[in-house]
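Chemist: Can you keep this structure in mind? I'll have questions shortly.
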Amino acid sequence: MQRMKNLLLHKLTCINTRFIAARSYRFGRRPSISGYYVSPEWFDRRLLLDKKNGNQNDLDVENLFGTEGRNRIKNDLFNKEQQFQRSSRTKIEKIEINLEKPFFNTKDSILIMNADESTPYDCASHINELLKNRSALAVINKKIPWDMHRPLKESCNLSLIHFKHNDCMVANLAFWRSCSMILASVIQNIFKKEHPCKIISIPMSDLKNGSFVCDAFVKNLDNWIATSQEILSITSVLKDEVAKKSKFERLDVNFELAAKLFADNPYRMKEIESSIESSIESDQKNPSKTFSIYRVGNYIDLSEGPMIANTDQIGPIQLTAIHPLRTRDGHRFYRFQGIALPKQLTLNAFAFSMLRDRAKVLNSYGLQ
Numbered sequence: 108m109q110r111m112k113n114l115l116l117h118k119l120t121c122i123n124t125r126f127i128a129a130r131s132y133r134f135g136r137r138p139s140i141s142g143y144y145v146s147p148e149w150f151d152r153r154l155l156l157d158k159k160n161g162n163q164n165d166l167d168v169e170n171l172f173g174t175e176g177r178n179r180i181k182n183d184l185f186n187k188e189q190q191f192q193r194s195s196r197t198k199i200e201k202i203e204i205n206l207e208k209p210f211f212n213t214k215d216s217i218l219i220m221n222a223d224e225s226t227p228y229d230c231a232s233h234i235n236e237l238l239k240n241r242s243a244l245a246v247i248n249k250k251i252p253w254d255m256h257r258p259l260k261e262s263c264n265l266s267l268i269h270f271k272h273n274d275c276m277v278a279n280l281a282f283w284r285s286c287s288m289i290l291a292s293v294i295q296n297i298f299k300k301e302h303p304c305k306i307i308s309i310p311m312s313d314l315k316n317g318s319f320v321c322d323a324f325v326k327n328l329d330n331w332i333a334t335s336q337e338i339l340s341i342t343s344v345l346k347d348e349v350a351k352k353s354k355f356e357r358l359d360v361n362f363e364l365a366a367k368l369f370a371d372n373p374y375r376m377k378e379i380e381s382s383i384e385s386s387i388e389s390d391q392k393n394p395s396k397t398f399s400i401y402r403v404g405n406y407i408d409l410s411e412g413p414m415i416a417n418t419d420q421i422g423p424i425q426l427t428a429i430h431p432l433r434t435r436d437g438h439r440f441y442r443f444q445g446i447a448l449p450k451q452l453t454l455n456a457f458a459f460s461m462l463r464d465r466a467k468v469l470n471s472y473g474l475q
């Protein structure tokens, strides 16, 4: 057995890396797709050798891991940080939540919850199933928008906002922003391996132009004019993603973890570095600076939020247009635009078609 192992390792060492698909490498002790076990140490040596020989293109993140691999690594980091933050709470502190009129004809409810653990969603669950399902967003002390799945830190007055609420503007903005993030999660996965995609824009929430948008750079695709069939195909994937009923999870992380999560995206790194530079005091970086990241499904992105509770609150949704644009320095990128309605609201087909046609016009929000 040992002799066979030695022969296998010798054979593996003699094989040039260009004949072994980089994606066959796996963390952990599992055989690779090619049938050989590739140890991390051996793989690192081959990467250094390729870099020395000038084969830098083969070392790109896209070639090494692909979109699926990058998402898996990011989700592992997210899960570990989420678990660490939960386990770092050494004691349970009780807080008093005054839930303001859960329904129109009811009085305020007083709930005793756990600080840094209980969420507005948990508060709604204690009252009523309908309240839990319809609440898109929470507002603390009548002024601070708060995610439904974000732990509450201290005693407060809590209002739960839905899409038929008297003052639902904050929920509408969160809805638009959430749809933008869902669109980004779809875009990053729809292109083939030879066209790796980078999301440029952070989730946007502009109501005036009648569409939610997502900007993306697609490599090796400079003159793409999307057909109606391609737009319908992407819409189908968008609807499938919404149907998964994934919740929007928020996590506040430090600069080091944010840099790890978005190291593969230069546009996100630029956002992070700009934020750090703006917080510099006395030529030193602010050690307490945190970044808000969100996860829906297996997609993770940078955003100040807030977002709605989950994708099940999204009703009809459709991609309406893909506009080819260029940056100031001449690089091609694409603006994806869509339209959606909350599930709680109803609209006849003719009225929705009018909104859809309006959403096809180029949305200039954020363009310089």
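Residues 108 to 475 in the working numbering are what the sequence shown spells out, letter by letter. For each residue, glycine too, the CB sits at the ideal point set by N, CA and C.
Considering Cα atoms alone, identify which of Ile407, Asn316, Ser385 is closest to Asp371.
Modeler: Looking up residue 371 in the sequence shown gives position 264. Comparing Cα positions, the closest option is Ile407.
Chemist: Is Pro413 closer than 8 Å to Trp283 when the C-beta atoms are compared?
Modeler: The residue given as residue 283 occupies position 176 in the sequence shown. The residue given as residue 413 occupies position 306 in the sequence shown. For Trp283 and Pro413, no; Cβs fall outside 8 Å.
Chemist: Tell me whether Ile140 is buried or exposed, calling it buried when 16 or more other Cβ atoms sit within 10 Å of its Cβ.
Modeler: Indexing the sequence shown from 1 puts residue 140 at position 33. The pLDDT assigned to Ile140 is 41, lower than 50, so where the model puts this residue is not dependable, and the model offers no usable value.
Chemist: Can you give the beta carbon distance from Ile289 to Val277, rounded, assuming they're within the 8 Å contact cut?
Modeler: Counting from one through the sequence shown, the residue named residue 289 turns up at place 182. Counting from one through the sequence shown, the residue named residue 277 turns up at place 170. That pair is no contact at about 19 Å.
Chemist: Closest by CA to Cys286, which one among Ser471, Ala458, Lys450?
Modeler: Position 179 of the sequence shown, counted from the start, is the residue given in the question as residue 286. The shortest C-alpha separation from Cys286 is found at Lys450.
Chemist: How big is the Cα-Cα spacing for Ile294 and Glu200?
Modeler: Counting from 1 along the sequence shown, the entry for residue 294 is found at position 187. Counting from 1 along the sequence shown, the entry for residue 200 is found at position 93. In a straight line, the C-alpha of Ile294 is about 42 Å away from that of Glu200.
Chemist: Quick one: is Gln163 buried, meaning 16 or more other Cβ sit within 10 Å of its Cβ, or exposed?
Modeler: Position 56 of the sequence shown, counted from the first residue, corresponds to residue 163. Unreliable positioning characterises Gln163 in this predicted model, as indicated by a pLDDT of 49, which lies under 50. The coordinate reading is nonetheless provided below. Label assigned to Gln163: exposed.
Chemist: Counting C-beta neighbours from all protein chains within 10 Å, is the total for Asp322 16 or more, i.e. buried, or is it exposed?
Modeler: Locating residue 322 in the sequence shown gives position 215, where the first residue counts as 1. Result: buried.
Chemist: Count the other CB atoms within 10 Å of the CB of His302; is the residue buried (16 or more) or exposed (fewer)?
Modeler: Counting from 1 along the sequence shown, the entry for residue 302 is found at position 195. So His302 ends up on the exposed side.
Chemist: Between the segment 216–225 and the segment 254–264, are three or more C-beta pairs nearer than 8 Å?
Modeler: The segment 216–225 is in contact with the segment 254–264.
Chemist: How many angstroms separate the CA atom of Pro373 from the CA atom of Ala365?
Modeler: Here residue 373 corresponds to residue number 266 of the sequence shown, with the count starting at 1. Here residue 365 corresponds to residue number 258 of the sequence shown, with the count starting at 1. Cα-Cα distance, rounded: 12 Å.
Chemist: Could you work out which residue in Ile379, Leu265, Ala245 is closest to Ser308 when comparing CA atoms only?
Modeler: As a position in the sequence shown, residue 308 is number 201, starting the count at 1. Measuring from the Cα of Ser308, the nearest candidate turns out to be Ile379.
Chemist: Lys181: buried (16+ other C-beta within 10 angstroms of its C-beta) or exposed?
Modeler: Position 74 of the sequence shown holds residue 181. By the 10 Å Cβ count, Lys181 comes out buried.
Chemist: Buried or exposed for Ala428, please, with buried defined as at least 16 other CB atoms from any protein chain shown within 10 angstroms of its CB.
Modeler: In the sequence shown, the residue the question calls residue 428 occupies position 321. With 16 or more other Cβ atoms within 10 Å, it is buried.
Chemist: Can you find the residues in the same chain that come closer than 7 Å, C-beta to C-beta, to Leu184, ignoring five residues on each side of it along the sequence?
Modeler: Walking along the sequence shown from the start, residue 184 turns up at place 77. If we look at Leu184 and ignore the five residues flanking it on each side, its Cβ neighbours are Leu364, Lys367, Leu368.
Chemist: Ser266 to Gly173, Cα distance in whole Å?
Modeler: Residue 266 sits at position 159 when you count from the first residue of the sequence shown. Residue 173 sits at position 66 when you count from the first residue of the sequence shown. Each residue's alpha carbon lies about 42 Å from the other.
Chemist: Kindly list the residues whose CB is nearer than 7 Å to the CB of Thr226, restricted to its own chain and excluding five residues on each side of it in sequence; keep chain order.
Modeler: Along the sequence shown, one-based indexing puts residue 226 at 119. Answer for Thr226: Met255, His256, Arg257, Pro258, Leu259, listed in chain order.
Chemist: Would you identify the three-state DSSP class for Ala231, choosing helix, strand or coil?
Modeler: Here residue 231 refers to the residue found at position 124 when the sequence shown is read from its first residue. Here Ala231 sits in helix by DSSP.
Chemist: Who are the Cβ neighbours of Arg196 in its own chain at under 8 Å, not counting the five residues just before and after it?
Modeler: The residue given as residue 196 occupies position 89 in the sequence shown. Within the same chain, Arg196 has close Cβ partners Asp223, Glu224.
Chemist: If you measure between the beta carbons of Val320 and Met311, is that distance less than 8 Å?
Modeler: The residue given as residue 320 occupies position 213 in the sequence shown. The residue given as residue 311 occupies position 204 in the sequence shown. Yes, Cβ-Cβ distance for Val320 and Met311 is below 8 Å.
Chemist: Can you tell me whether Glu348 is buried or exposed, with buried defined as 16 or more other CB within 10 angstroms of its CB?
Modeler: As a position in the sequence shown, residue 348 is number 241, starting the count at 1. So Glu348 ends up on the buried side.
Chemist: Determine the extent of the beta strand (DSSP E) in which Met220 is found, giving its start and end residues.
Modeler: Start at 1 with the first residue of the sequence shown, and residue 220 comes out as number 113. Run containing Met220: 216–221, per the beta strand (DSSP E) assignment.
Chemist: Thr342 and Leu452: beta carbons closer than 8 Å?
Modeler: Position 235 of the sequence shown holds residue 342. Position 345 of the sequence shown holds residue 452. Their beta carbons are not under 8 Å apart, which means Thr342 does not touch Leu452 by this criterion.
Chemist: Can you tell me which of Ala243, Ala350, Lys351 puts its alpha carbon nearest to the alpha carbon of His272?
Modeler: Taking the first residue of the sequence shown as position 1, residue 272 is located at position 165. Per the Cα distances, Ala243.
Chemist: Can you name, in chain order, every residue of its own chain whose Cβ lies under 7 Å from the Cβ of His233, other than the five neighbours on each side?
Modeler: The sequence position of residue 233 within the sequence shown is 126, counting from 1. Closer than 7 Å at the Cβ level, and outside the excluded window around His233, lie Leu218.
Chemist: For Asn316, name the three-state secondary structure that DSSP assigns.
Modeler: As a working mapping, residue 316 is identified with position 209 in the sequence shown. The answer is coil: DSSP assigns Asn316 none of H, G, I, E or B.
Chemist: Between the C-alpha atoms of Gly404 and Ser353, what's the straight-line distance to the nearest angstrom?
Modeler: For the purposes of this step, residue 404 is taken as the residue at position 297 of the sequence shown. For the purposes of this step, residue 353 is taken as the residue at position 246 of the sequence shown. Looking at the two C-alpha atoms, the distance is approximately 6 Å.
Chemist: Just curious, the alpha helix (DSSP H) that Ile297 is in, first and last residue?
Modeler: Here residue 297 corresponds to residue number 190 of the sequence shown, with the count starting at 1. First-last of the alpha helix (DSSP H) with Ile297: 276–297.
Chemist: In the DSSP assignment, find the unbroken alpha helix (DSSP H) run with Glu378 in it and report its ends.
Modeler: Here the question's residue 378 lines up with position 271 in the sequence shown. It spans 373–385 - the alpha helix (DSSP H) in which Glu378 sits, taken as one unbroken run.
Chemist: Measuring only the C-alpha atoms, how far is Arg241 from Gln420?
Modeler: Within the sequence shown, the letter at position 134 stands for residue 241. Within the sequence shown, the letter at position 313 stands for residue 420. Distance between the alpha carbons of Arg241 and Gln420: 7 Å.
Chemist: Note down, in chain order, each residue of its chain lying with its Cβ closer than 7 Å to the Cβ of Glu356, except the 5 sequence neighbours on either side.
Modeler: Within the sequence shown, numbered from 1, the residue matching residue 356 stands at position 249. Cβ within range, chain order: His256, Tyr401, Arg402.
Chemist: By Cβ distance, which residues of its chain are closer than 6 Å to Lys467, with the 5 residues on each side in sequence left out?
Modeler: Along the sequence shown, read from residue 1 onward, the residue named residue 467 stands at position 360. Once the five neighbours on either side are set aside, the close Cβ partners of Lys467 are Thr427, Ala428.
Chemist: Tell me the rounded alpha-carbon separation between His438 and Pro431.
Modeler: Counting from one through the sequence shown, the residue named residue 438 turns up at place 331. Counting from one through the sequence shown, the residue named residue 431 turns up at place 324. Taking the straight line joining both Cα atoms gives about 10 Å.
Chemist: Going by alpha carbons, who is nearest to Asn327 out of Lys299, Glu337, Phe270?
Modeler: Taking the first residue of the sequence shown as position 1, residue 327 is located at position 220. Selected option, being the one with the closest Cα: Lys299.
Chemist: At 3 residues or longer, what runs of the beta strand (DSSP E) sit wholly inside the segment 386–447?
Modeler: Entirely contained in the segment 386–447, the beta strand (DSSP E) runs reaching 3 residues are, in chain order, 397–403, 406–409, 421–433.
Chemist: Got a sec? Which residues, its chain only, sit under 6 Å from Trp316 by beta carbon, not counting five neighbours each side?
Modeler: In the sequence shown, the residue the question calls residue 316 occupies position 209. Note on residue identity: the sequence assigns Asn, not Trp, to residue 316. For Asn316, where only same-chain residues beyond five positions count, the Cβ hits under 6 Å are Asn470, Tyr472.
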